[in-house]
Amino acid sequence: MKKLLALLLALTMCMALAACGGSNESAPAAEEPAQTEQAAEGGDAAQTGETGDLPVIEPGKLIMATNAQFPPYEMVADGEGVAGTGLEGIDVEIAAALAEKVGLELQIDDMEFDSALVAVQHGQADMVLAGLTYTEERDELMDFSDPYAQGVQVVIVKEDSPIQTADDLANAGLIGTQRGTTGYIYCTGDYGEDHVSPYDNGATAVQALLNGQVDCVVIDKMPAQTFVAENPGLKILETSYVVEDYVLAVNEGNTQLQTALNDALNELKADGTLQTIVDKYITAE
Ligand code: ARG
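So for the sequence shown, numbering that gives the first Met the number 0 puts the first residue at 0; every next one is plus one.
This is the structure in structure tokens:
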């Protein structure tokens, strides 16, 4: 009889574990043996099991922080945007696909770029997807996915500018950048804070260039191309300043979410979804 009981118990535990398993890590299900009986009886575990174990801020939601002033990665849409977010762009589409894969509802909070980085570190957002460059300094504060795109810091100047190559930045006068970006970080590092003006976003930095308040703008290549196309009289220097990797960020130590999102991202790479998204926004040069 005792043997039978033990066998039954073992069986119920197996069932409970299987119910909780889903596609994600099954580790949390095994934590509290006291609950296994209940779970086996009620079968509720199957309901919450799918993604209920991902550590997100609001149950059922994947909250993304971004700065939607960065075409073609994220920008305000004309209509309702991707998945009703009011936004569109490569990162927005990737986020929607990731949310679907991990079974969460996507919410996007649009804010200043430097605030987006703070939001994820302070538990106000689950992830940052914002054409965000990997740097070792940021790696101290956040955890990252594998790279999903390449970014290039380029230099925008007026067509008749004396600044002709990236090397001329040393004598550029005043360099415009977006606050908190790698453009700002590298330029202040290389040429000193006195030579760099931070702006709220790329578009205002470009406006400052047009107005003659700065002599050039250092910014990521893709948004640079949009800004130059929209504003006659500007050009992008052929020599680029820095080449970098774009990554997705979660809060430091949130390994479970990092792994789940990174796995999902790699699936999007492998099955061609990522390339389809990129092709939709970036037409071959
Ligand atoms: N790649 C640069 C960085 O990480 C700029 C990113 C700006 N992104 C944005 N959505 N405004 O610093």
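Where a beta carbon is used, it is the ideal one built from N, C-alpha and C, also for glycine.
Under the rule that 16 or more other beta-carbon atoms within 10 Å means buried, what is residue i, buried or exposed?
| i | result |
| --- | --- |
| residue 228 | exposed |
| residue 95 | buried |
| residue 130 | buried |
| residue 58 | exposed |
| residue 222 | buried |
| residue 238 | exposed |
| residue 125 | buried |
| residue 180 | buried |
| residue 109 | buried |
| residue 150 | buried |
Tell me which residues share the same chain as residue i and place their Cβ nearer than 7 Å to its Cβ, disregarding the 5 neighbours each side in the sequence.
| i | result |
| --- | --- |
| residue 54 | 253, 255 and 256 |
| residue 60 | 103, 104 and 106 |
Apart from the five residues on each side of it in sequence, which residues of its chain come closer than 6 Å, Cβ to Cβ, to residue i?
| i | result |
| --- | --- |
| residue 156 | 162 and 215 |
| residue 88 | 71, 72, 73 and 74 |
| residue 206 | none |
Can you tell me whether DSSP reads residue i as helix, strand or coil?
| i | result |
| --- | --- |
| residue 288 | Nothing about residue 288 can be read from this structure; the chain reaches only from 0 to 284. |
| residue 246 | coil |
| residue 32 | In this prediction, residue 32 has a pLDDT of 39, which is less than 50 and means its spatial position is unreliable; nothing more can be read from the coordinates. |
| residue 114 | helix |
| residue 101 | helix |
| residue 64 | strand |
| residue 267 | helix |
| residue 86 | strand |
| residue 71 | coil |
| residue 195 | strand |
| residue 233 | strand |
| residue 262 | helix |
| residue 52 | coil |
Spatial neighbours of residue i within its chain, please: CB distance less than 8 Å, with the 5 preceding and 5 following residues excluded, ordered by chain position.
| i | result |
| --- | --- |
| residue 208 | 155, 156, 157, 175, 214, 215, 216 and 233 |
| residue 133 | 143, 146, 243, 244, 245 and 246 |
Checklist entry - Going along the chain, which unbroken runs of the alpha helix (DSSP H) with 4 or more residues stay wholly within the stretch 129-190? => result 135-138 and 181-190
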